[in-house]
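Enquirer:
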Amino acid sequence: MKKRLAVLAAMSAALCMSALTVNADEELTVIGFAQVGHESDWRTASTKSCQDVFSAENGYDLQFVDCDNDSQAQLDAVRGFIQQEVDYIIIDPIVSTGWDTVLTECEEAGIPVIVIDRTIDDSDKYAAWVGSNFKTEGLAAGEWLKAYAEAKGISEINALVIEGTNGSSAQIGRTEGFKEIADANGWTILDSQDGNFDQATGQEVMESYCKSYEGQFNVVVCQNDNEAFGAMDAMKAAGVSYGVDGDVILISFDACTAGLEYVMSGDINADFECNPLAAPFVEEVIQKLEAGEEPDKEVYMEEHWYVNEDILSSITVDGAEQPLTVVTQEIVDAQY
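When you read off a place in the sequence shown, starting at 1, and then add 5, the result is the number in the numbering used here.
1. Is Gly264 helix, strand or coil when you go by DSSP?
2. At the level of alpha carbons, what is the spacing between Val100 and Ala284?
3. Pop quiz: Ala46 and Asp272 are said to be a contact at Cβ under 8 Å. What is the actual Cβ separation, rounded to whole angstroms?
4. Assuming contact is defined by CB atoms lying nearer than 8 Å, are Val331 and Val304 in contact in what I supplied?
5. Give the straight-line distance between the Cα atoms of Phe258 and Asn63, rounded to the nearest whole angstrom.
6. Which same chain residues end up closer than 7 Å to Gly248 when comparing Cβ atoms and leaving out the 5 residues on each side of it in sequence?
7. Any idea what DSSP makes of Pro281, helix, strand or coil?
8. So, helix, strand or coil for Val135, using DSSP?
9. At 4 residues or longer, what runs of the alpha helix (DSSP H) sit wholly inside the stretch 22-107?
10. Taking the alpha carbon of Cys261 as the point to measure from, which residue in Glu161, Pro98 and Phe234 has its own alpha carbon closest?
11. Given Met6, which residues of its chain have a CB within under 7 Å of its CB, disregarding the five upstream and five downstream residues?
12. Express the C-alpha separation of Thr141 and Gln327 in angstroms, rounding to a whole number.
13. So, is Asp188 buried or exposed, given that buried needs 16 or more other C-beta atoms within 10 angstroms?
14. Should Ala156 go down as buried or exposed, given a rule of 16 or more other Cβ atoms within 10 Å for buried?
15. For Ala114 versus Ile95, is the C-beta distance shorter than 8 Å?
16. Of all the options Gln292, Glu307, Gly324 and Trp149, which has the alpha carbon lying nearest to the alpha carbon of Ser318?
17. What are the partner residues of Gln327, as DSSP defines its beta bridges?
18. Alpha carbon to alpha carbon, how far is Gln221 from Ala289? Give it in angstroms, no decimals.
19. Using the three-state DSSP reduction, which class does Asp188 fall into: helix, strand or coil?
20. Which stretch, first to last residue, makes up the beta strand (DSSP E) that contains Glu232?
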C-alpha cells in the first residue's frame, strides 16, 4: 500500500512538473497601456477593464502606466514601451494632438498601436481606434434638452457648461455637439469653463458660477459625472435647487453607477453614456492582427441615453431616432 501511494505521489509530482513546464514555456503577449490618469469613476472602470482582460491568466503581460493627466509623461511612457519591445501599445490620449512623432517611432519599431476612448487628430499611424462618438453624445444632450424643454413648457434656456479637460477629444466633441443644438435653437450659453473631468474642479467652477450668474441660469451641463457631483455640492451650498424637482436642469455624461443612482433619485435629469469597457473590443483587434487580418480603423461601442422621467421615449439625433432609457435599480446594478 505504501509503495502504491509512493508511486501515485511520484506520478502526481511528475504531472505538476509537466504542467509547470508547459506554463513556463507559454509566451505571454506583452501590452503597454498609457492611461490618462485616475480622475474619475469612468477612468477607474476603463483601467479595470484592461486589467481584467489583459491578465496573465488570459495570456497577457500588461505593463500599465497611470500618466496622471500629464501629456509629456504619456509620451515618455509610450517611448518606454518601445524600449521594452512590447508586442502592442494601448493609448488613451490625454490630448488629441502632438502624437505624430512618437507614433512614427512605434511604427518604425514594428509595434502596433490601438487608441481607445479619446482620439488622435494629427496622425493615423495606429492600427485601430476603439471608443465613442463624442460629438454625437453632445448632440444627443442638446436634442434631449430641446424635447424636454418643449414637453415641460420651458421657453428660455440659459445654460452654464462645465467642460472636460481642454484639448481632449471628449471635451471638443461634447462641446461642439451641444453648442450646435444651442445655436440652432437660440439658447444662451452664459459661460463655459474647463472642469478637468474631476469632482473638485467641477465644484470650484460651479461655486464661481453660482456667484457670477446668481438667478440667471436654468441649465447646467457637466461633461462627466464627477464634475456633476461637484456641481451638485456647489449648488446645494449656494441654495440652488436642481434636478427633476428643482429650478435647474442638470445634464451629465458618462453614466457611471453613481451617476445613474443620481438620475434615478432625480438629482440628475439626464446622463449620456460613454462606455468605458473598451478592453474586450481591443482584444478582438489584437486577435485580428495576430491572425494577419486588418481590423476596422474605427470601432464604436454601444451606448445609451439615460433619464429620470418617462415623458419622452426617444429623441432624434442626426436624423436617427434613438431611445431614452428610464433608470431603474436593475439598470444601476448592471452598470460599471
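All residues carry an ideal CB built from backbone N, CA and C; glycine is no exception.
Since the structure is predicted, the reported quantities are computational estimates derived from the model, not experimental observations.
Expert: Concretely, from the data shown:
1. On the sequence shown, position 259 is the one that residue 264 refers to. Three-state DSSP puts Gly264 in a helix.
2. Indexing the sequence shown from 1 puts residue 100 at position 95. Indexing the sequence shown from 1 puts residue 284 at position 279. If I take the Cα positions, the gap works out to 20 Å.
3. Taking the first residue of the sequence shown as position 1, residue 46 is located at position 41. Taking the first residue of the sequence shown as position 1, residue 272 is located at position 267. Residue identity check: residue 46 is Asp in the sequence provided, not Ala. At roughly 16 Å, the Cβ-Cβ gap does not stay under 8 Å, so Asp46 and Asp272 are not in contact.
4. Working through the sequence shown from its first residue, we reach residue 331 at position 326. Working through the sequence shown from its first residue, we reach residue 304 at position 299. No, Cβ-Cβ distance for Val331 and Val304 is not below 8 Å.
5. In the sequence shown, counting from the first residue as 1, residue 258 sits at position 253. In the sequence shown, counting from the first residue as 1, residue 63 sits at position 58. Cα to Cα, Phe258 sits roughly 32 Å from Asn63.
6. Reading the sequence shown from its first residue, position 243 is the one you call residue 248. Excluding residues within five positions, the ones whose Cβ falls inside 7 Å are Leu255, Gly271, Asp272, Ile273 and Asn274.
7. Position 276 of the sequence shown, counting from 1, holds the residue named residue 281. Pro281: coil per DSSP, three-state reduction.
8. Within the sequence shown, residue 135 is the residue found at index 130, counting from 1. Here Val135 sits in strand by DSSP.
9. 46-58 and 76-89
10. Taking the sequence shown and counting its residues from 1, one reaches residue 261 at position 256. Here the closest residue by C-alpha is Phe234.
11. The residue given as residue 6 occupies position 1 in the sequence shown. With a pLDDT of 35 at Met6, under the threshold of 50, the modelled position of that residue is not reliable, and the figure given next carries that caveat. Cβ neighbours of Met6 beyond the five flanking positions: none.
12. Position 322 of the sequence shown, counting from 1, holds the residue named residue 327. Position 136 of the sequence shown, counting from 1, holds the residue named residue 141. Distance between the alpha carbons of Gln327 and Thr141 is about 11 Å.
13. Position 183 of the sequence shown, counted from the start, is the residue given in the question as residue 188. Flag for Asp188 reads exposed.
14. Here residue 156 refers to the residue found at position 151 when the sequence shown is read from its first residue. Exposed.
15. Position 109 of the sequence shown, counted from the start, is the residue given in the question as residue 114. Position 90 of the sequence shown, counted from the start, is the residue given in the question as residue 95. Result no, Cβ atoms of Ala114 and Ile95 do not sit closer than 8 Å.
16. Here residue 318 refers to the residue found at position 313 when the sequence shown is read from its first residue. Ranking Gln292, Glu307, Gly324 and Trp149 by Cα distance to Ser318 puts Trp149 first.
17. The residue labelled residue 327 in the question sits at position 322 within the sequence shown. Gln327 pairs with Ile320.
18. Along the sequence shown, one-based indexing puts residue 289 at 284. Along the sequence shown, one-based indexing puts residue 221 at 216. Sequence check: residue 289 is Glu here, not Ala. Computed Cα separation, rounded: 49 Å.
19. Here residue 188 refers to the residue found at position 183 when the sequence shown is read from its first residue. Here Asp188 sits in helix by DSSP.
20. Counting from 1 along the sequence shown, the entry for residue 232 is found at position 227. Here Glu232 belongs to no beta strand (DSSP E); instead the alpha helix (DSSP H) covers Asp230 to Ala242.
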